[in-house]
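Visitor: Sharing a structure, written as structure tokens. Questions coming.
Protein chains: 2
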Amino acid sequence: MAVYTEVPDDDLARFVADYDLGEVVSYKGIAEGVENSNYVLKTETGSYILTLYERRVNPADLPFFLGLMDHLAAKAIPCPTPIKARDGKALRELAGRPAAIISFLDGVWPRRITPQHCAELGEAMARFHVAGTGFALSRHNALSVASWRPLLAACASRAHEVKPGLAAMLAPELDWIEREWPTGLPTGVIHADLFPDNVFFRGERLTGMIDFYFACNDILAYDLAIGLNAWCFEADRTFNVTKARRLLAGYRRVRDLVPAEVASLVRLARGSAMRFLLTRLYDWLNTPPDALVRRKDPLEYVEKLRFHQGVKSAADYGFE
Amino acid sequence: MAVYTEVPDDDLARFVADYDLGEVVSYKGIAEGVENSNYVLKTETGSYILTLYERRVNPADLPFFLGLMDHLAAKAIPCPTPIKARDGKALRELAGRPAAIISFLDGVWPRRITPQHCAELGEAMARFHVAGTGFALSRHNALSVASWRPLLAACASRAHEVKPGLAAMLAPELDWIEREWPTGLPTGVIHADLFPDNVFFRGERLTGMIDFYFACNDILAYDLAIGLNAWCFEADRTFNVTKARRLLAGYRRVRDLVPAEVASLVRLARGSAMRFLLTRLYDWLNTPPDALVRRKDPLEYVEKLRFHQGVKSAADYGFE
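Line by line, the protein sequences are chains W and X. Per the numbering used here, residue 1 is the first one in the first sequence, and the count goes up by one each step. Per the numbering used here, residue 1001 is the first one in the second sequence, and the count goes up by one each step.
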């Protein structure tokens, strides 16, 4: 829930005049997304999303993000397309911030997830992974396994404010994850944040994936592990194996997993639970109480982590 | 900046199915407005605004607000039209809240106000006042002069947190306003909250007035006094008499002021400055620090009030 930068209407009019989009008809700040300022922009030619990149996004990464969307859209992956101004550039500046206009995707993100949503997600994720192989740029995953120890260290002294004994529970788990972290698995461009609010549907048909601002090069199956955590637990935090089975099966219809990926799935799931637990914990402890962002509960991921600690093999995720 | 109620997508689909609007194509929470939850709703037939009325709006007032929009739109006042479902009703329920779909108005609210904006505003406000005369319902202004003393009483003990000596400055001013408050002036339906973010333009042409949720029956010229405060001060809080002159002249092109209204303008301006000062002060002192609402600075209205205290007559507002 965020609009960090107010865009003056006359500045916007000048900005949009550099595109072949006609005049601005309306623009309204969107209350979704926590990293950037987003507007629904209506011009004489249609609806678009205007994004102003705020300080949590490294400007040096923007050519990767925008280039990836361009690359994927050209391969018919349902994702936003950056709109180029008349000078051929999609990445520009507005109100003192890097800014881009991207295409508006129809569809709504699902508040109540069905197994069919998960099947569609799996298939789209696999298509994304396959389509990403030809992309020329690469980006290191700044939030992968190497980053978790410093994150934990930054939170450890205050983790008890969220849950007594939390740091003591996380320390041996992180030791285990670091020791067991798989190597040699297929890598490529992953989305790394395919949560339900980043995936649009009409009915149960997937119409779009958005928010590529965590995309990076990493283990492909790690994306799948993030998906298991984000899509296959119920509101009461129980694991829904039917949803997981459909997610995995959907993925494998497009790209099958090699045996080493299957064997690593539990470790990847524990790792991705740790990643979201730690970033949520950090944000929880460090978001000023008057911030305009609703903090996400780190404890949700403590429970997910506990679940994965009890998992024996990928069969427990419905892998067949 | 606010979306208080998350609307599940399947609930929304069922809700929209009761209208002749086709299927939901997308919906996004808007980061504007502080009283209600608002969404840009796109369906197969076009764009709309979906509003869920939150607890600060009295449900008993909703027939007045929606009926007024209907009445005004029928008289060609540029304002949103409530969309009726197939049962003929515009006021319905969604996610446990009263809810309505209203038409989407093109245009953007001006961040940098020009004298021409003020002229357009004056004219549109007068047309609104004239068109409101035939409206059958009425609503008492719960935030008029009688409410200011209890509001001040509720803030007095902590007003010094905002500015030392503030309560001592406001007490005699309120005495004066109460004693001098005009009677016998023309009354009717007023908007009562025509701030720049509630008025849309394309270029300098006014295309819409929105947010009727403070509309009520009161002194017509009080609306004009609110406009002077909201539109005719610069960011450095100096008064721009050119803007005021254009606002008043624009208004009078449609509806001229009677002498008693002209003679009362200073008192109405001091009163309206007091009204926004007090509600902002109250919200400032009573908004939880973790609220998702950006609080508005009450001190802005202290300075405006000071300006009006030095005004001798309507001529100082550019009245000719």
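Positions of the beta carbon are idealized from the N, C-alpha and C atoms, including for glycine. None of the values given here were measured: they were computed from a predicted structure.
By DSSP, does X/A1090 sit in helix, in strand, or in coil?
Guide: On the second sequence, position 90 is the one that residue 1090 of chain X refers to. Note: X/A1090 maps to coil in three-state DSSP.
Visitor: Assuming contact is defined by CB atoms lying nearer than 8 Å, are W/N38 and W/E54 in contact in what I supplied?
Guide: Taking the first residue of the first sequence as position 1, residue 38 of chain W is located at position 38. Taking the first residue of the first sequence as position 1, residue 54 of chain W is located at position 54. Result no, Cβ atoms of W/N38 and W/E54 do not sit closer than 8 Å.
Visitor: From X/G1318 to W/V7, what distance separates their C-alpha atoms?
Guide: Working through the second sequence from its first residue, we reach residue 1318 of chain X at position 318. Working through the first sequence from its first residue, we reach residue 7 of chain W at position 7. Rounded to whole angstroms, X/G1318 to W/V7 spans 31 Å at the Cα level.
Visitor: Could you tell me whether any Cβ in chain X is nearer than 8 Å to the Cβ of W/R111?
Guide: Here residue 111 of chain W refers to the residue found at position 111 when the first sequence is read from its first residue. Yes, W/R111 lies at the interface with chain X (some Cβ there is under 8 Å from its Cβ).
Visitor: Determine which residues of the segment 1014 to 1047 of chain X have a Cβ less than 8 Å from any Cβ of chain W, and write them out in chain order.
Guide: Of all residues in the segment 1014 to 1047 of chain X, E1023, V1024, V1025, S1026, Y1027, K1028, G1029, I1030, A1031, E1032, V1040, K1042, S1047 have a Cβ within less than 8 Å of some Cβ in chain W.
Visitor: Would you kindly report the start and end of the unbroken alpha helix (DSSP H) that includes X/L1278?
Guide: For this step, residue 1278 of chain X is matched to residue 278 along the second sequence. Element bounds for X/L1278: 1259 to 1286.
Visitor: Throw me the rounded Cβ distance for the W/K304 and W/N229 pair, which I believe falls under 8 Å.
Guide: Along the first sequence, read from residue 1 onward, the residue named residue 304 of chain W stands at position 304. Along the first sequence, read from residue 1 onward, the residue named residue 229 of chain W stands at position 229. Right, the Cβ-Cβ distance comes to about 5 Å (below 8 Å), so this counts as a contact.
Visitor: At 8 Å on the CB atoms, spell out the chain X contacts of W/V258, in chain order.
Guide: Numbered from its first residue, the first sequence carries residue 258 of chain W at position 258. Residues of chain X passing the Cβ test: none, with the nearest at roughly 36 Å.
Visitor: Would you call the CB atoms of W/L66 and W/A100 closer than 8 Å?
Guide: In the first sequence, counting from the first residue as 1, residue 66 of chain W sits at position 66. In the first sequence, counting from the first residue as 1, residue 100 of chain W sits at position 100. Yes, Cβ-Cβ distance for W/L66 and W/A100 is below 8 Å.
Visitor: With DSSP collapsed to three states, give me the class of X/D1211.
Guide: Here residue 1211 of chain X refers to the residue found at position 211 of the second sequence. Residue state, collapsed to three classes: coil.
Visitor: Along the chain, where does the beta strand (DSSP E) containing W/I102 start, and where does it finish?
Guide: Here the question's residue 102 of chain W lines up with position 102 in the first sequence. Here the beta strand (DSSP E) through W/I102 covers 97 to 103.
Visitor: For W/N198, decide whether its Cβ has a neighbour in chain X, counting only Cβ atoms nearer than 8 Å.
Guide: Mapped onto the first sequence, residue 198 of chain W falls at position 198. No - not a single Cβ of chain X is within 8 Å of the one on W/N198.
Visitor: Assuming X/G1122 contacts X/A1249 (C-beta within less than 8 Å), just tell me the rounded distance between them.
Guide: Here residue 1122 of chain X corresponds to residue number 122 of the second sequence, with the count starting at 1. Here residue 1249 of chain X corresponds to residue number 249 of the second sequence, with the count starting at 1. X/G1122 to X/A1249, Cβ: 7 Å. Contact.
Visitor: Determine which residues share a DSSP beta bridge with W/D218 and list them.
Guide: As a working note, residue 218 of chain W is residue 218 in the first sequence. Looking at the DSSP assignment, W/D218 forms a beta bridge with W/G188.
Visitor: Along the chain, which unbroken stretches of the alpha helix (DSSP H) at least 4 residues long are found entirely within the segment 1019 to 1080 of chain X?
Guide: Complete alpha helix (DSSP H) runs here, min 4: 1062 to 1074.
Visitor: So which residues on chain A does W/P8 lean against when the C-beta distance must stay under 8 Å?
Guide: Given the protein chain composition of this structure (W and X), no chain A is represented.
Visitor: For chain X, check one thing: does any of its Cβ atoms lie closer than 8 Å to the Cβ of W/G107?
Guide: Counting from 1 along the first sequence, the entry for residue 107 of chain W is found at position 107. So, interface residue.
Visitor: Taking all protein chains shown into account, decide if W/S264 is buried (16 or more other Cβ within 10 angstroms of its Cβ) or exposed.
Guide: Taking the first sequence and counting its residues from 1, one reaches residue 264 of chain W at position 264. Its Cβ being crowded by 16 or more others within 10 Å, W/S264 is buried.
Visitor: Which of the three DSSP states is assigned to W/R237 in this structure?
Guide: Reading the first sequence from its first residue, position 237 is the one you call residue 237 of chain W. Coil at W/R237, not helix or strand.
Visitor: Under a Cβ-count criterion, where at least 16 other Cβ atoms within 10 Å of its own Cβ denotes burial, should W/R205 be classed as buried or exposed?
Guide: Sequence index remark: in the first sequence, residue 205 of chain W carries index 205 (1-based). W/R205 is exposed by the Cβ-count criterion.
Visitor: When you compare only the Cα positions, how much space is there between X/A1095 and X/Y1213?
Guide: The sequence position of residue 1095 of chain X within the second sequence is 95, counting from 1. The sequence position of residue 1213 of chain X within the second sequence is 213, counting from 1. Computed Cα separation, rounded: 20 Å.
Visitor: Taking 8 Å as the cut-off, does the segment 1024 to 1033 of chain X touch the segment 1042 to 1053 of chain X (at least 3 CB pairs, one atom from each stretch)?
Guide: Judged by Cβ distances under 8 Å, the segment 1042 to 1053 of chain X makes contact with the segment 1024 to 1033 of chain X, as three or more pairs qualify.
Visitor: DSSP beta-bridge partners for X/L1164?
Guide: Locating residue 1164 of chain X in the second sequence gives position 164, counting from the first residue. First, the residue type needs correcting, since residue 1164 of chain X is Pro and not Leu in the sequence shown. DSSP output for X/P1164 lists no bridge partner at all.
Visitor: Which stretch, first to last residue, makes up the beta strand (DSSP E) that contains W/V199?
Guide: Residue mapping note: residue 199 of chain W aligns to position 199 of the first sequence, counting from 1. Here the beta strand (DSSP E) through W/V199 covers 199 to 202.
Visitor: Could you check what DSSP says for W/F319 in three-state terms: helix, strand or coil?
Guide: On the first sequence, residue 319 of chain W is found 319 positions in, with the first residue counted as 1. It is coil, neither helix nor strand.
Visitor: Do the segment 255 to 264 of chain W and the segment 168 to 179 of chain W meet, that is, are 3 or more Cβ pairs less than 8 Å apart?
Guide: Touching, no, given that fewer than three Cβ pairs across the two stretches are closer than 8 Å.
Visitor: Using CA coordinates, which residue listed in W/L68, W/L50, W/K243, W/G29 is at the minimum distance from W/V189?
Guide: Taking the first residue of the first sequence as position 1, residue 189 of chain W is located at position 189. The option with the nearest alpha carbon to W/V189 is W/L68.
Visitor: Report the three-state DSSP secondary structure of X/L1194 (helix, strand or coil).
Guide: Along the second sequence, one-based indexing puts residue 1194 of chain X at 194. In this structure, X/L1194 counts as coil in the three-state DSSP scheme.
Visitor: How would you label W/G132, buried or exposed, when you count the other beta carbons within 10 angstroms and need 16 or more for buried?
Guide: As a first step, residue 132 of chain W is located in the first sequence; it is residue number 132 there, counting from the start. Counting Cβ neighbours within 10 Å, W/G132 comes out buried, since at least 16 surround it.
Visitor: Sort X/T1051, X/L1278, X/V1199 by Cα distance to X/V1145 and report the nearest one.
Guide: For the purposes of this step, residue 1145 of chain X is taken as the residue at position 145 of the second sequence. The candidate whose alpha carbon is nearest that of X/V1145 is X/L1278.
Visitor: How long is the line joining the alpha carbons of W/L50 and W/I83, rounded to whole angstroms?
Guide: Translated into the one-based positions of the first sequence, residue 50 of chain W becomes position 50. Translated into the one-based positions of the first sequence, residue 83 of chain W becomes position 83. Whole-angstrom Cα-Cα distance: 10 Å.
Visitor: Within its chain, find whatever has a CB closer than 6 Å to the CB of W/L5; leave out the 5 residues flanking it on each side and keep chain order.
Guide: Taking the first sequence and counting its residues from 1, one reaches residue 5 of chain W at position 5. Here residue 5 of chain W is Thr; the residue named in the question, Leu, does not match the sequence. So the qualifying residues of the chain are S37, L52, A95, R97.
Visitor: State the DSSP-derived secondary structure class of X/V1108, mapped to helix, strand or coil.
Guide: Stepping through the second sequence from its first residue, residue 1108 of chain X is reached at position 108. Correct three-state label for X/V1108: strand.
Visitor: Between the segment 1221 to 1228 of chain X and the segment 1152 to 1162 of chain X, do three or more beta carbon pairs fall short of 8 Å?
Guide: In short, these stretches do not touch, since the Cβ pair count stays below three.
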